[in-house]
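**Q** This is the structure, below, for whatever I ask next.
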Amino acid sequence: MAKRLTEDSPDRLDNLKLRPSERVLQYLLQEFDRAELKDGARLPSNRELARRLDVSVPTVQSVLKGLNRDGRIQSRHGSGTYLLSQSQVSGNPKRIVVAAVLQSQGKQNDSWLNTVISGLMQTSLTSFPTTFVGIAPEKFGTDDSVPALLDEIPQADGLIIMPYALMPKDRDQITEAYEKAIKPVVNLEMPMATTTSNFVSSDYFSPAEILGRVWSKTGRRHIMLLSSGIQYEFAMASHLRLMGLASGIGESLGNTVSLQMLHAASSGEKTYELMKSILKKKESAPDAILLPHGVARAAVVRAVQECGLKIPEDVSIVTTEALHPPEDHGPEGHATTIYEPALPLSRLLMEMLFDRISQKGAPLPGKFLPSNIICGNTTRPEENRLLGS
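What follows is the structure in structure tokens.
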């Protein structure tokens, strides 16, 4: 039985691990959606809001200041602060279904997806009036979301599909049914390598291609892409990174340069043991490693160092980061990082979906959000010079 993560559900779409300011936005989003809000409703005092939401008064003030600037609230001197319904601001809200994924105990614990979903809510507050309905399977890999998603078609205006929310055959069935009813569908990430339209994704290929070219040019001969073994690993991201590395290495691939993709266990200790066993085989040990989402970074660094190898002299390491710009941590300092910001994906998703709705379902070319390479201490100076050029 699929879960509907709606306003009345204990596992609702926005029941996430949010930062303090996001908790305030979440609360206000619920208030904006209230049916009785036609003529506005008075907010509790800033101090009372802070108490209810377990945040500071300055945090509440900061959020309200932004909402006031966006025309979502109205302050009346001596009277208080009043909410303006979405219909008052810019027309009736669209009903958008989100095909989501759940982890244990019905909670979504993936920080990358949490950030994107939180961004959807923030974007709806300021730009795209929306009522969200999230639907997720009780158990990963099952098809019990399909009936619930089909039931939503008559009321829905559009659908957003998150990575791994549906198995491929179910995703195709749902997409066909929504599109036939002129209820446009947009995917977060490419559902398959041949997809060219109706998706938003980070650009995983280009920075990996640059990286492969630089590593090949600086004499790296055994390159490894270490991807996460957890069930929510974003498969197309891994494939695109692998294709990018292979393209960057070019004609040397298979002749003088080897490229290996390794799925790591979710356990750091298991990853450490696996990496140590690989590094002991000197003739095939990697001298360059790409760690998407910082997969088990500490475990990999530990294995490298315990095998008597130095970073970056012997082994070059590059990580990816989607939530915050990289900062110093670990004995090797600031890591060279491919920064793939997650939050802008939310706005791109909403823009594409609302554009498709306004164009009666006309397909739109897929959009890639650029990624930046930020050089650090885990690649050699020569590599940093080439990566930055």
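When we follow this note's numbering, the leftmost residue of the sequence shown carries the number 1446, and every step to the right adds one.
C-beta atoms are modelled at their ideal positions from N, C-alpha and C, and glycine is treated no differently.
Let me know the beta strand (DSSP E) ranges lying completely inside the segment 1535-1598, each 3 residues or longer, listed in chain order.
**A** Secondary structure in the segment 1535-1598: the beta strand (DSSP E) runs of 3 residues or longer, each lying completely within the stretch, are 1539-1544, 1575-1581 in chain order.
**Q** Could you tell me which residues DSSP puts in a beta bridge with Gly1699?
**A** Taking the sequence shown and counting its residues from 1, the one referred to as residue 1699 is at position 254. Gly1699 pairs with nothing; no bridge assigned.
**Q** Measuring only the C-alpha atoms, how far is Ile1627 from Lys1805?
**A** Your numbering for residue 1627 matches position 182 in the sequence shown. Your numbering for residue 1805 matches position 360 in the sequence shown. If I take the Cα positions, the gap works out to 6 Å.
**Q** Are three or more beta carbon pairs between the segment 1648-1657 and the segment 1686-1700 nearer than 8 Å?
**A** yes
**Q** With distances taken from CA atoms, which of Leu1809, Ser1590, Pro1613 is nearest Val1645?
**A** Taking the sequence shown and counting its residues from 1, one reaches residue 1645 at position 200. Cα-wise, what sits closest to Val1645 is Leu1809.
**Q** Report yes if the C-beta distance between Thr1781 and Thr1823 is below 8 Å; otherwise report no.
**A** Here residue 1781 corresponds to residue number 336 of the sequence shown, with the count starting at 1. Here residue 1823 corresponds to residue number 378 of the sequence shown, with the count starting at 1. Yes, they are a contact pair.
**Q** Do you know offhand how far Leu1788's Cα is from Ala1544's?
**A** Taking the sequence shown and counting its residues from 1, one reaches residue 1788 at position 343. Taking the sequence shown and counting its residues from 1, one reaches residue 1544 at position 99. So the two alpha carbons sit approximately 18 Å from each other.
**Q** Going by DSSP, what residue range makes up the alpha helix (DSSP H) through Leu1794?
**A** Position 349 of the sequence shown, counting from 1, holds the residue named residue 1794. Per DSSP, Leu1794 belongs to the alpha helix (DSSP H) from 1788-1803.
**Q** By Cβ distance, which residues of its chain are closer than 7 Å to Gly1664, with the 5 residues on each side in sequence left out?
**A** In the sequence shown, counting from the first residue as 1, residue 1664 sits at position 219. There are no such residues.
**Q** If I measure Cβ to Cβ from Ser1661 and keep anything under 6 Å in the same chain, skipping five residues before and after, which residues do I get?
**A** Reading the sequence shown from its first residue, position 216 is the one you call residue 1661. Around Ser1661: Ile1694, Ser1697, Val1702.
**Q** May I ask you to list the residues that DSSP assigns as paired with Gly1761?
**A** Reading the sequence shown from its first residue, position 316 is the one you call residue 1761. Going by the sequence as given, residue 1761 is Ser instead of Gly. Bridge partners of Ser1761: Ala1733.
**Q** Tell me which residue opens and which closes the beta strand (DSSP E) that Ile1627 is part of.
**A** Along the sequence shown, read from residue 1 onward, the residue named residue 1627 stands at position 182. Run containing Ile1627: none; DSSP gives neither H nor E here.
**Q** Pick out whichever of Ser1791, Leu1798, Glu1766, Arg1792 has its Cα sitting closest to the Cα of Ile1783.
**A** If you number the sequence shown from 1, residue 1783 lands on position 338. Cα-wise, what sits closest to Ile1783 is Glu1766.
**Q** Tell me whether Ala1748 sits in a helix, a strand or coil according to DSSP, three-state version.
**A** Within the sequence shown, numbered from 1, the residue matching residue 1748 stands at position 303. If DSSP states are grouped into helix, strand and coil, Ala1748 belongs with the helices.
**Q** Does DSSP classify Gly1603 as helix, strand or coil?
**A** Start at 1 with the first residue of the sequence shown, and residue 1603 comes out as number 158. If DSSP states are grouped into helix, strand and coil, Gly1603 belongs with the strands.
**Q** In angstroms with no decimal places, state the Cα-to-Cα distance between Arg1747 and Gly1657.
**A** One-based indexing of the sequence shown puts residue 1747 at position 302. One-based indexing of the sequence shown puts residue 1657 at position 212. Distance between the alpha carbons of Arg1747 and Gly1657: 24 Å.
**Q** Would you check if the distance between the CB atom of Ser1749 and the CB atom of Ile1756 is smaller than 8 Å?
**A** Within the sequence shown, residue 1749 is the residue found at index 304, counting from 1. Within the sequence shown, residue 1756 is the residue found at index 311, counting from 1. Sequence check: residue 1749 is Val here, not Ser. Yes, Cβ-Cβ distance for Val1749 and Ile1756 is below 8 Å.
**Q** Grab the span of the alpha helix (DSSP H) containing Ile1655 for me, first residue to last.
**A** The count along the sequence shown starts at 1 and reaches residue 1655 at position 210. From DSSP, the alpha helix (DSSP H) with Ile1655 extends over 1650-1662.
**Q** Compare the C-alpha of Ala1730 against each of His1667, Glu1785, Thr1576 and name the closest.
**A** If you number the sequence shown from 1, residue 1730 lands on position 285. Ranking the options by Cα distance to Ala1730, first place goes to His1667.
**Q** Just the C-alpha distance for Ile1562 and Gly1579, rounded to the nearest angstrom, thanks.
**A** Counting from 1 along the sequence shown, the entry for residue 1562 is found at position 117. Counting from 1 along the sequence shown, the entry for residue 1579 is found at position 134. Each residue's Cα considered, the two are about 10 Å apart.
**Q** If we ignore side chains and look at the alpha-carbon of each, how far apart do Leu1814 and Ser1524 end up?
**A** Within the sequence shown, residue 1814 is the residue found at index 369, counting from 1. Within the sequence shown, residue 1524 is the residue found at index 79, counting from 1. So the alpha carbons of these two residues sit roughly 44 Å apart.
**Q** Going by DSSP, what residue range makes up the alpha helix (DSSP H) through Ser1722?
**A** To locate residue 1722, count along the sequence shown from 1; it is residue 277. Here the alpha helix (DSSP H) through Ser1722 covers 1713-1724.
**Q** Comparing C-alpha positions only, which one of Pro1608, Met1681, Leu1470 sits nearest to Trp1557?
**A** As a first step, residue 1557 must be located in the sequence shown, where it is residue number 112. Answer by Cα proximity: Pro1608.
**Q** Take the Cβ of Ser1569 as the centre, count every other Cβ of all protein chains shown within 10 Å, and call the residue buried at 16 or more, exposed below.
**A** Here residue 1569 corresponds to residue number 124 of the sequence shown, with the count starting at 1. Classification for Ser1569: buried.
**Q** In three-state terms, what does DSSP make of Pro1810?
**A** Within the sequence shown, the letter at position 365 stands for residue 1810. Three-state DSSP puts Pro1810 in a strand.
**Q** Name the residue from Tyr1472, Val1630, Ala1581 whose alpha carbon lies nearest to the alpha carbon of Asp1602.
**A** Along the sequence shown, one-based indexing puts residue 1602 at 157. For Asp1602, the nearest C-alpha among the options comes from Val1630.
**Q** Is it buried or exposed, Met1888, if we count other Cβ atoms within 10 angstroms and call 16 or more buried?
**A** The structure shown has nothing for residue 1888, since the chain only spans 1446 to 1834.
**Q** By alpha-carbon positions, which one of Arg1616, Leu1494, Ala1495, Ile1802 ends up nearest to Met1637?
**A** In the sequence shown, the residue the question calls residue 1637 occupies position 192. The option with the nearest alpha carbon to Met1637 is Arg1616.
**Q** On the premise that Ser1816 lies in contact with Glu1796, defined as a C-beta separation below 8 Å, what is that separation, rounded to the nearest angstrom?
**A** To locate residue 1796, count along the sequence shown from 1; it is residue 351. To locate residue 1816, count along the sequence shown from 1; it is residue 371. 19 Å between Cβ atoms; not a contact.
**Q** Residues bridged to Asn1513 by DSSP?
**A** The count along the sequence shown starts at 1 and reaches residue 1513 at position 68. In the DSSP output, where bridge partners are listed per residue, Asn1513 has none listed.
**Q** If we ignore side chains and look at the alpha-carbon of each, how far apart do Ser1834 and Arg1825 end up?
**A** As a working mapping, residue 1834 is identified with position 389 in the sequence shown. As a working mapping, residue 1825 is identified with position 380 in the sequence shown. Cα to Cα, the separation comes out at about 14 Å.
**Q** Taking the alpha-carbon positions, what's the Lys1625 to Arg1492 distance?
**A** Along the sequence shown, read from residue 1 onward, the residue named residue 1625 stands at position 180. Along the sequence shown, read from residue 1 onward, the residue named residue 1492 stands at position 47. Computed Cα separation, rounded: 49 Å.
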